[in-house]
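Chemist: From first to last, the protein sequence lines are chains A and B.
Residue numbers are given in numbering that gives the first Met the number 0: position 532 of the first sequence equals residue 531, and the series is strictly consecutive.
Residue numbers are given in numbering that gives the first Met the number 0: position 113 of the second sequence equals residue 112, and the series is strictly consecutive.
We treat Cβ as the ideally placed atom computed from N, Cα and C, and that holds for glycine.
Below are the structure tokens for one structure; questions will follow.
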Amino acid sequence: MTMTTTSTAPSDLKDEGDPFDRDALPAPQGATGALLRSLLAARRAPVVRAALLLLLQQAAVQAGPLLVAYAIDRGVPAFRRHDYGPLIAVAIGYAVCALGAGLLQYAFIRTSARVNQDVLLDLRGRIFRHAQALSVDFHERYTSGRLISRSTTDVESLRELLSEGLQELIAVVLAFVYISAMLLWLDLGLGALAVLSFVPLYLLVRRYQRRVAVVFRTRSTLIAAVIVKFAETMNGIRPVRAFRREHANDVEFRRLNHRHERSNGDGLLEMARYVVGSRLVANTAVAGIVVWGAYRVASGTLALGVLAAAVLYLRRLYDPIDRLGMFLNSYQSAAASLEKIAGLLAQTPSVPEARDPKELPAPHGDHPGREVVFEDVRFAYRTGGEVLPRFGLTIPAGQTVAVVGSTGAGKSTLAKLLARFYDPTEGRVLLDGVELRDLATPELRRGVVMVTQEAFLFSGTVAENIAIGRPEASRAEIERAAKAIGAHDFISGLPDGYDTDVRKRGGRISAGQRQLVAFARALLADPAVLILDEATSSLDIPGERAVQRAMDTVLRGRTAVVIAHRLSTVEIADRVLVMEHGRIVEDGAPADLIGGEGRFADLHRAWRDSLV
Amino acid sequence: MPEKHAAAKDRSTVRSLLRLWPYVRPVRTRLFSAAFVAVVASCLGLVIPLVLKWIVDGPVAGRDPGGVWLGALALLLLGVAEAGLFGMRRWLVARPLAGVEAAMRADLYRHLQRLPVAFHDRWASGQLLSRGTTDLMLLRMFLAFPLTFLLVNAVTILVGFVILLDQQWTLGLVLLAPIVPLVILCSLFESRYAVVARLAQDQVGDLTTVVEESVLGIRIVKGFGRHRSQARAFRELSERLRGTELGKARLLAGIWALITTIPEVAIGAALVLGTVQVADGGLSAGTLVAFLSTALALRWPVESIGFLLAMSQEAATATERYFEVMDAAPESSRSGSADAAMSGATGVAGVARIAEAGATGAVGAVGATGGTEVADHARDAGAAEVGAAGATGVDEVARIAEVTAAGATGATGGREVADHARVAGAAEGLCFEGVEFRYPDAPAQSAPVLARIDLRVRPGETMALVGSTGSGKTTLTALVPRLHEVTAGRITLDGEDIAAMPRERLRRLVSVAFEEPTLFSASVGENVLMGAEDAGEPELGRALDIAQAGFVRALPHGADTQVGEQGLTLSGGQRQRLALARAVVGRPRFLVLDDPLSALDVHTEALVEAALRRVLEGTTALVVAHRPSTVMLADRVALLSGGRIAAVGTHRELLRTNAEYAWLMSGAEPGSQPRNGQSPRKAGPEAGTARSTAAEAGPEAGPKAGTARSTVAEAGPEAGTAPSTAAEAPRAVSGSGGTAIPTAAAATHEDDPAGPADGEAARLAGRDVADEALGRPEPRDGPSHGAAQLPAAPSSGHAEGSPR
């Protein structure tokens, strides 16, 4: 992400303790659980419905062995007596259970899928809206990569937990409860033995969970390193190529990848250990129960059908143990992801929406511009590092002000305060007497629009990109804006003109052209106050002239703040501010300053020389 | 970006998955052993019910408690063996599968690094990343479970049915009955699920794109207060994804339900029948218990087929997505050699043509000057052929003049031309010869971005590249380090075709600073020293000094401060200076700078320029420039217009003689530019038509010889007579020597404000004058006059009138 000049004053540097340096922002105690609860709370009814369906479904599934026992112990003797009732009951019962299990399964999957998808939709939306609400300074520090991985891979791991893991867990737990109950009901002794086997199993699960958590934490850090390296290389592919980094990158990537591979293998081996242990316990228990049961059948204290049912249940009891391991896997990764998401959602926007929004007064007089006042404004970044020490400025409505000064003088901060990307630490910024903090977003954006150096284009057509300035604008208006700024010719030359998709075939648009589109966007927005922060840096001189002409004609009467390294812009300004270390050191009409002996006169001379 | 998801090819799941073989091959022994072990373990599981049967029918029926112990021991041993084998299976594949995943990821990374830049232009990095992470994890899971268990389960089911049939074939058949409908249902499911699964994966990609863009464009979203509409767009997409996911769930729910119900019904039927048989005495109770136990043991293998198939399907999609990228052809290290060979072949024939054209160019000059010396040169170079060329006809000559690269040097005199042509590329410095470029994904009928670029940057010379916004400057610079490959023509460094050079060497020779300065997650020092392998502290300091990157010292850890995605964020100007330092740190022979100072303030820019000028002294450099200040770094300037080099000269020359250039550099106020009132953007290229004629004749001679004509053209009918042309022509001849002679023509131009007022008239008049000037002094050069004039044909459209 491109940073603005001001955010890099040395005092703004992050020290080791900055949470932004780590991947995870600190989430308040219990925020993860609270997040999960709040996501599910809104869907209590379907959650309950899904749980009920699963309960019934398990009941239908687990009825099978019971029917087997009934058939062997009751059905056979009854059949021999030519009493077909029990057997018919078994047949009907089995058919009903089978069909019921199937239907319930179907209903459950669909219900739970709906719940899962609603939760994910909700969570995705929350992350997205929250990220959009967070202020620009947050984004400058958090970096896009992290935000993307929050809303993609982290949401994905929750999806896995919800769609596979949770269902698995509920099914496993239900099976445990049902089967234990059945076994106990069939025969107390056999049941007790089975329940007893849960103790070593539980210990195994605990141990596995603890060990795998460690492995997983390491693994997620290692995969993050792999991802960062990967993304960085692909985003900077040109310099990678030009500076022949391929080989060095391969080596570095192999190292990172190998570390992840080790940890990945560790996790799989941990799983192998768990499977051996749990299987061993399960099979021993089966052998024990069978022996004891058979012994009792042989000695006549247990019915054969009961033993058969018990054996069938036992097999089912221990079957899902492996799946429990898989659930633990997805649980661990989802928990880690949710924690990161909770940390993000716990961030509060430093530029909050107005609670009790006020309206701007109706534009007065014949010009649409508005008066801008910086009233005792002081600004420092959250990390410290004062950029603007107490600062006052009044820009009358309709005035065009050029702000010049060296890198780090605070020009961009001034612009961002006016655009309300930041709020001042102290003091107020007023637009026609109304404080910016009191304006609702739509009102604020009718008032102030800022065009920056990095002209980002969104996926979509050129026309759509311009229309961001005013979504309800007609095609004619869009074209008029493009013409006014001198962008019409190149847009018409694109394969589909205004309908060219900027990311598709033939849609390559150069840096300068992107800036023109950004300008057309601002022109279309038709704001009372226009801020240009280095907005013409990639334009050629004629392009810059076209922009200036547009400002002279289309934007006449608007208040404008222009920040530019090139002093050509200054020619259209009514007033020039020279900034140095966050202070205005010169202020006056261009002609006066040029005639003088100050910094601006120096700058101007240097610039004139550069023009030759 | 739906376009990217290459239309879901009708490739079967199996075919897709087979492509994994090369990666699986190295671990095949372990994988097959693991599968074998798993089969054995599963079969052991099937033996357990048989032991059970033995216990029930033997000791239990015989009331022999002692015999039970024997059965128990057998059960325990089987259980322990089963557990051990299952563990062994996992142990066998744990490391190898992690290895396969890692190998595939490393390969992907390796491959992506070597794919053409054009590929990266089209693919969002998020789409690539998801292939490198989630898709590969899916594949590892597939190799770990579905692959093994589809086999294991198949064998288990087979063995199980053999046991079932062996125990009681009638009951066995009852259980076998549902197999056919299940297979049909599964294959139906598979084909429908494949479509939805791919759709869902792609929609996730689209969603990622919106997230990515809303973050990258956060200032715009905020600046225009569009976060609500952005959120709405996001919601729409995520709801669409939700719809797809629900569709997926519906399919899954259906198949799961069927897979659960159908076998269960069969088991129920077997139970009833079995009970009847037991009652009839046709079957032992133990057999029925064992039978049902076996049947139930088979339930999991059968049931699991549903999700194993789903997983396989997703793995197949992941494989497709992975190979979509892997199948893209990398910048092959020898890709250029084919071209080189071809141009070598044409080279032979080319020499003759070049000589002709060179002569043509020279003769053009002769025509203008009437100077005999040049005429001699021209004859030496093959003026004889000129006649022939004339005879070959208009089209032919025009083609020759266009194709020729060395005609370029025409102005230096015919002999030199011929020499150059003969030693084909002995030319030093950086040469573009007839370079044409169109983006590989551009629509076929569209005009190339760059067409017939002929330009020579002499050794040690700094050439500024100027052109209006979107004229292709950045594209042209990307051709030098071969980030893009030329579509036609060639670029040479000290006479060596870059297409025949290993990229490694080429990129060591050429150093680049990009318009968009990218820093990597590394220290400042490492970032700068990327530009040179063996450079150390002193070079670093020097490079930082040149780039005026003194701010580095003020960073918390100086040059060791971490920057990039995982470190400190620097401002655009700071990053640009570091990128510049990176470009110069290795003291490269050739330097390509793309608008390297755009984000610097005037003061810093001046300092950087002063330092850069010293560096550029011994370096052959091509510098994209928007501003006069940057242009001042250069010895000469090339004007890029309409995809060609329209003019070459010093800044001052071009300012005077080239209206478009003057317009670009000064933004000439409306009123002083040609074709008043018109959009300047239009006026430029049109006024340049006459000039482009010259440019086509050859890069060096062209512009200069051409200057004569264009000057004439601009000067208008009254002024544009032989004398002025003659005055201009000598300069054209000696032009390559670099002597700039103030020209009468230019003066005329200044004196004659009426001339430029009407571009069209001027051009027409200019043509006449040029005809006159070229044709008159040497009547025997009739054909050459035609030839010289002809190159104008493609752009001016006046060719038809020329060969009178």
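Tell me where the alpha helix (DSSP H) around S628/B begins and ends.
Modeler: Locating residue 628/B in the second sequence gives position 629, where the first residue counts as 1. P627 to V630 is the extent of the alpha helix (DSSP H) around S628/B.
Chemist: Spell out the partners DSSP gives F589/B in its beta bridges.
Modeler: Here the question's residue 589/B lines up with position 590 in the second sequence. The partner list for F589/B (beta bridge, DSSP) reads V509/B and T619/B.
Chemist: What is the residue span of the alpha helix (DSSP H) that R258/A lies within?
Modeler: Taking the first residue of the first sequence as 1, we reach residue 258/A at position 259. Element bounds for R258/A: E245 to A297.
Chemist: Less than 6 Å between C-beta atoms, sequence neighbours within five positions excluded: which residues of the same chain meet that for L638/B?
Modeler: The residue labelled residue 638/B in the question sits at position 639 within the second sequence. Closer than 6 Å at the Cβ level, and outside the excluded window around L638/B, lie V465, A645, A646 and Y660.
Chemist: Pull up the CB-CB distance for N115/A and R80/A, whole angstroms please, since I reckon it's below 8 Å.
Modeler: If you number the first sequence from 1, residue 115/A lands on position 116. If you number the first sequence from 1, residue 80/A lands on position 81. That belief does not hold up - the Cβ atoms of N115/A and R80/A are roughly 52 Å apart, past 8 Å.
Chemist: Between L576/A, A333/A and A353/A, which lies nearest to F215/A when the distance is taken from Cα to Cα?
Modeler: Taking the first residue of the first sequence as 1, we reach residue 215/A at position 216. The shortest Cα separation from F215/A among L576/A, A333/A and A353/A belongs to A333/A.
Chemist: Are L430/A and L515/A closer than 8 Å when you measure CB to CB?
Modeler: The residue labelled residue 430/A in the question sits at position 431 within the first sequence. The residue labelled residue 515/A in the question sits at position 516 within the first sequence. In this structure, L515/A does not lie closer than 8 Å to L430/A by Cβ.
Chemist: Can the beta-carbon of G78/B be found less than 8 Å from the beta-carbon of T283/A?
Modeler: Reading the second sequence from its first residue, position 79 is the one you call residue 78/B. Reading the first sequence from its first residue, position 284 is the one you call residue 283/A. In contact: G78/B and T283/A (Cβ atoms closer than 8 Å).
Chemist: Taking DSSP as the reference, what is the three-state secondary structure of I226/A?
Modeler: Residue mapping note: residue 226/A aligns to position 227 of the first sequence, counting from 1. The answer is helix: DSSP assigns I226/A an H, G or I state.
Chemist: Please specify which runs of the alpha helix (DSSP H), each continuous and at least 4 residues long, are wholly inside the region 9 to 73 of chain B, giving them in chain order.
Modeler: 12 to 17, 20 to 23 and 27 to 54, all fully within the region 9 to 73 of chain B.
Chemist: Give the DSSP-derived three-state secondary structure of M233/A in the structure shown.
Modeler: Taking the first residue of the first sequence as 1, we reach residue 233/A at position 234. In this structure, M233/A counts as helix in the three-state DSSP scheme.
Chemist: Beta-carbon within less than 8 Å of A224/A's beta-carbon, same chain only, minus the 5 sequence neighbours each way: which residues are those?
Modeler: Sequence index remark: in the first sequence, residue 224/A carries index 225 (1-based). If we look at A224/A and ignore the five residues flanking it on each side, its Cβ neighbours are L255, R258 and H259.
Chemist: Figure out for me which residue from A97/A, L51/A, I126/A and A68/A has the closest Cα to the Cα of L311/A.
Modeler: Sequence index remark: in the first sequence, residue 311/A carries index 312 (1-based). Taking only the C-alpha atoms, the option nearest L311/A is A68/A.
Chemist: Provide the residue span of the alpha helix (DSSP H) that contains P45/A, from first to last.
Modeler: One-based indexing of the first sequence puts residue 45/A at position 46. Segment R43 to Y69, the alpha helix (DSSP H) holding P45/A.
Chemist: Give every residue of the same chain whose Cβ lies closer than 8 Å to the Cβ of S162/A, excluding the five residues on either side of it in the sequence, and list them in chain order.
Modeler: For the purposes of this step, residue 162/A is taken as residue 163 along the first sequence, with counting starting at 1. Taken in chain order, the residues that qualify are S111, A112 and N115.
Chemist: Who does M500/B pair with in a DSSP beta bridge?
Modeler: As a working mapping, residue 500/B is identified with position 501 in the second sequence. DSSP output for M500/B lists no bridge partner at all.
Chemist: At a CB-CB cut-off below 7 Å, which residues of chain A make contact with R552/B?
Modeler: Position 553 of the second sequence, counting from 1, holds the residue named residue 552/B. By Cβ distance, chain A contributes nothing, its closest Cβ being about 10 Å from R552/B, past 7 Å.
Chemist: Whole angstroms is fine: what's the gap from I261/B's alpha carbon to T232/A's?
Modeler: Numbered from its first residue, the second sequence carries residue 261/B at position 262. Numbered from its first residue, the first sequence carries residue 232/A at position 233. I261/B and T232/A: Cα-Cα distance of roughly 52 Å.
Chemist: Please confirm whether R314/A has its beta-carbon closer than 8 Å to some beta-carbon of chain B.
Modeler: As a working mapping, residue 314/A is identified with position 315 in the first sequence. At least one chain B Cβ lies under 8 Å of R314/A.
Chemist: Quick check on the DSSP output: what are the complete alpha helix (DSSP H) runs of length 4 or more inside the region 73 to 129 of chain A, in order along the chain?
Modeler: With a minimum length of 4 residues, the continuous alpha helix (DSSP H) runs that stay inside the region 73 to 129 of chain A are 75 to 79.
Chemist: Tell me whether the region 447 to 456 of chain A and the region 526 to 534 of chain A touch, counting them as touching only if at least three CB pairs, one residue from each stretch, are closer than 8 Å.
Modeler: Output reads yes: the region 526 to 534 of chain A touches the region 447 to 456 of chain A.
Chemist: Round the Cβ separation of L303/A and I71/A to the nearest angstrom and send it over; I've been treating them as touching at under 8 Å.
Modeler: Counting from 1 along the first sequence, the entry for residue 303/A is found at position 304. Counting from 1 along the first sequence, the entry for residue 71/A is found at position 72. Right, their Cβ atoms sit about 6 Å apart.
Chemist: Buried or exposed: which applies to V373/B, given that a residue is buried once 16 or more other Cβ atoms fall within 10 Å of its Cβ?
Modeler: Counting from 1 along the second sequence, the entry for residue 373/B is found at position 374. Confidence at V373/B is low in this model, with a pLDDT of 36, below 50, so its placement is unreliable and no value can be given for it.
Chemist: In chain order, what residues of the same chain lie with their CB nearer than 8 Å to the CB of E579/A, ignoring the 5 residues before and after it?
Modeler: Reading the first sequence from its first residue, position 580 is the one you call residue 579/A. Excluding positions up to five away in sequence, the list reads G404, S405, A408 and R598.
Chemist: Say whether the region 472 to 485 of chain B touches the region 438 to 453 of chain B, bearing in mind that this needs 3 or more beta-carbon pairs closer than 8 Å, one atom from each stretch.
Modeler: Judged by Cβ distances under 8 Å, the region 472 to 485 of chain B makes contact with the region 438 to 453 of chain B, as three or more pairs qualify.
Chemist: Can you list the residues of chain A that L663/B reaches, using a CB-CB cut of under 8 Å?
Modeler: As a working mapping, residue 663/B is identified with position 664 in the second sequence. Correct list: D539, I540 and P541.
Chemist: If I follow the unbroken beta strand (DSSP E) through G404/A, where does it start and stop?
Modeler: In the first sequence, counting from the first residue as 1, residue 404/A sits at position 405. From DSSP, G404/A is part of no beta strand (DSSP E); its letter is neither H nor E.
Chemist: Taking the C-alpha atoms as reference points, what is the distance between S510/B and R607/A?
Modeler: In the second sequence, counting from the first residue as 1, residue 510/B sits at position 511. In the first sequence, counting from the first residue as 1, residue 607/A sits at position 608. The alpha-carbon atoms of S510/B and R607/A are separated by roughly 31 Å.
Chemist: Closer than 8 Å, CB to CB, is H580/A near chain E or not?
Modeler: Absent here is chain E; the protein component of the structure consists of chains A and B.
Chemist: Quick one: Cα of G428/B to Cα of G530/B, how far?
Modeler: As a working note, residue 428/B is residue 429 in the second sequence. As a working note, residue 530/B is residue 531 in the second sequence. Straight-line Cα distance between these residues: approximately 21 Å.
Chemist: What's the gap between the Cα of L621/B and the Cα of R506/B?
Modeler: Counting from one through the second sequence, the residue named residue 621/B turns up at place 622. Counting from one through the second sequence, the residue named residue 506/B turns up at place 507. Computed Cα separation, rounded: 15 Å.
Chemist: Spell out a yes or no on whether the region 595 to 611 of chain B and the region 433 to 441 of chain B are touching, meaning 3 or more CB-CB pairs, one atom from each, closer than 8 Å.
Modeler: Output reads no: the region 433 to 441 of chain B does not touch the region 595 to 611 of chain B.
Chemist: For P356/A, which residues from the same chain have a beta carbon less than 7 Å from its beta carbon, with the 5 sequence-adjacent residues on both sides left out?
Modeler: As a position in the first sequence, residue 356/A is number 357, starting the count at 1. Around P356/A: D437, L438, A439 and E442.
Chemist: What is the DSSP secondary structure of I593/A, reduced to helix, strand or coil?
Modeler: Counted from its first residue, the first sequence places residue 593/A at position 594. Helix at I593/A.
Chemist: Consult DSSP for A546/B and reduce its assignment to one of helix, strand or coil.
Modeler: As a working note, residue 546/B is residue 547 in the second sequence. Three-state result, A546/B: coil.
Chemist: Do S537/A and S597/B have their C-beta atoms closer together than 8 Å?
Modeler: Here residue 537/A corresponds to residue number 538 of the first sequence, with the count starting at 1. Here residue 597/B corresponds to residue number 598 of the second sequence, with the count starting at 1. Cβ atoms of S537/A and S597/B: closer than 8 Å.
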